[in-house]
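Chemist: As numbered in this note's numbering, residues 504 to 656 make up the sequence shown, in order.
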Amino acid sequence: MTLQYLTTAQAENTLGALYVEETGPTLSFLVGLLSQPHYRAWSLVAEGLALGAIWYQCVEQHAELLDLRVSRGLRRSGYGSTLLKETLCLIGQDDVRTVDLEVRASNVSARSLYGKMGFELTGRRQNYYPLPTGEREDAILMSLTLQATEKLE
Numbered sequence: 504m505t506l507q508y509l510t511t512a513q514a515e516n517t518l519g520a521l522y523v524e525e526t527g528p529t530l531s532f533l534v535g536l537l538s539q540p541h542y543r544a545w546s547l548v549a550e551g552l553a554l555g556a557i558w559y560q561c562v563e564q565h566a567e568l569l570d571l572r573v574s575r576g577l578r579r580s581g582y583g584s585t586l587l588k589e590t591l592c593l594i595g596q597d598d599v600r601t602v603d604l605e606v607r608a609s610n611v612s613a614r615s616l617y618g619k620m621g622f623e624l625t626g627r628r629q630n631y632y633p634l635p636t637g638e639r640e641d642a643i644l645m646s647l648t649l650q651a652t653e654k655l656e
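#1: Taking the alpha-carbon of residue 636 as reference, which of 506, 511, 565 and 526 has the nearest alpha-carbon?
#2: Give the straight-line distance between the Cα atoms of residue 649 and residue 591, rounded to the nearest whole angstrom.
#3: Which residues does DSSP pair with residue 555 in a beta bridge?
#4: Output the boundary residues of the beta strand (DSSP E) element that contains residue 626.
#5: Between the Cα of residue 628 and those of 644, 620, 621 and 566, spot the shortest distance and give me the residue it belongs to.
#6: Tell me whether residue 652 sits in a helix, a strand or coil according to DSSP, three-state version.
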C-alpha cells in the first residue's frame, strides 16, 4: 500500500469508481482544482487500485481538507485513517500549522475518525448541505493544530 501524489490525468484515470455516489463534490470539480495553485490530492493505492483519495488546499500555514473518501466496500477497514494520517504528516512538512474541514452532521463515522485524529469541533453551519428530500443538513466545522499530530506517529 502506497500513497501516490495525483496529477490531473492520474485523478481522472484512476478515481472514477470512488466518485459514483451523489454526495460530496464531484470528481470533475475536484480535478479542476488541481490546475490552481495550492491544491493537492493523494490516493492510497494497493495493487494498482485506488483504495481512497484525499484533496486539500494549503495556503501559507493553513490547510483545508476538501474531500476524503474510501472505496465503499473498504470503509471501516482503517484505510481512511491511514490516508488521513499520512496526509497530515505531509501537510506538516509544508510548514502548515492548522488544518480545517467541514463534514455532514450525519456522517458519524467521519466525525469519529476526525475526532480520533485530534480534530476539535469549532462550529456549525446550519442547513448547509442539501438532502435528496429537499431538506437541508448542518455542516460540522472541525480544526486541528498540527502539533497534535505528534501523537499519531
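Note that CB positions come from ideal geometry on N, CA and C, so glycine has one too.
Modeler: This is what the structure holds:
#1: 526
#2: 8 Å
#3: Note: residue 555 is bridge-paired with 547 and 573 in the DSSP secondary-structure output.
#4: Element bounds for residue 626: 623 to 633.
#5: Among 644, 620, 621 and 566, the Cα nearest to that of residue 628 belongs to 644.
#6: Low local confidence applies: a pLDDT of 44 at residue 652 is under 50, so the model's placement there is unreliable, with the coordinate-based value given in what follows. Helix at residue 652.
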